[in-house]
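Student: Counting from 1, position 120 in the sequence shown corresponds to residue 196 in our numbering; the numbering is continuous, with no gaps.
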Amino acid sequence: MECLAALLAEVKASQEAMQAGQKELKHDVETSQKEIRTVLALQRSQQQVKEDLKAEVKSSHLDIRTVLEEIQRVREEMEARLNTQADLVLLIKEVSTNLMCVDKAFQKMEERQKVFTSLHLPTRENVEQGFFFEKCLHKTHTGFERPVEANSLDEECEKKVLRGKRMVTAEVWGEK
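(1) Can you grab the Cα-Cα spacing for the pair residue 190 / residue 170, in whole Å?
(2) Have a look at residue 137 and residue 109 and give me their C-alpha separation to the nearest angstrom.
(3) Can a CB atom of chain D be found closer than 7 Å to the CB of residue 188?
(4) How many Å lie between residue 134 and residue 156 at the Cα?
(5) Could you check the C-alpha separation between residue 116 and residue 149 for me, to the nearest Å?
(6) Alpha carbon to alpha carbon, what distance is there between residue 119 and residue 82?
(7) Express the C-alpha separation of residue 144 and residue 253 in angstroms, rounding to a whole number.
Structure (structure tokens):
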């Protein structure tokens with residue numbers, strides 16, 4: 077009996093040791109499970125942070141891409157406007173140059189028309205300015221039929237003829 081009691085005591089001690097071991101294991105398991113849960117929660121949290129960061133980066137890239145596209149579009153519009161303005165400036169310069177040339181040509185044409193008209197139409201102004209040649213030419217018959225000596229022309233008429241010839245020659249040769 078003593079054996080049995082010792083055995084029983086031993087079994088009881090063993091059971092208590094096992095229970096204590098089980099409690100310890102249970103505590104270790106619970107601690108491990110808590111640690112695992114904590115690690116999993118941290119991992120989930122980190123994963124969520126990563127996903128949030130990825131989404132933010134993707135959104136930022138899209139925003140940046142949108143901004144860059146808008147900048148490119150505005151730059152192209154500005155370049156087109158600058159090109160248009162440059163073309164307009166060149167066109168204005170060309171038109172201005174053409175207008176100046178036309179104005180000069182018109183002035184020359186008016187001058188020539190005045191000279192031509194003054195040579196063919198007797199007006200008081202033309203006679204006073206000495207542009208009217210017919211009177212002198214008719215009196216002296218100079219020019220085409222026979223040569224006339226310079227002495228045969230009266231002095232005033234001679235001056236008018238010479239002045240008129242110089243003006244006509246200058247006009248023909250483009251001189252002033």
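Backbone N, C-alpha and C define an ideal beta-carbon position, used for all residues, glycine too.
Tutor: On the basis of the coordinates in this document:
(1) Pairing residue 190 with residue 170, the inter-Cα distance amounts to about 30 Å.
(2) 41 Å
(3) In the structure shown, chain D cannot be found, because there is only a single protein chain.
(4) 33 Å
(5) 48 Å
(6) 53 Å
(7) Coverage of the chain is limited to positions 77 through 252, which leaves residue 253 absent and any answer about it impossible.
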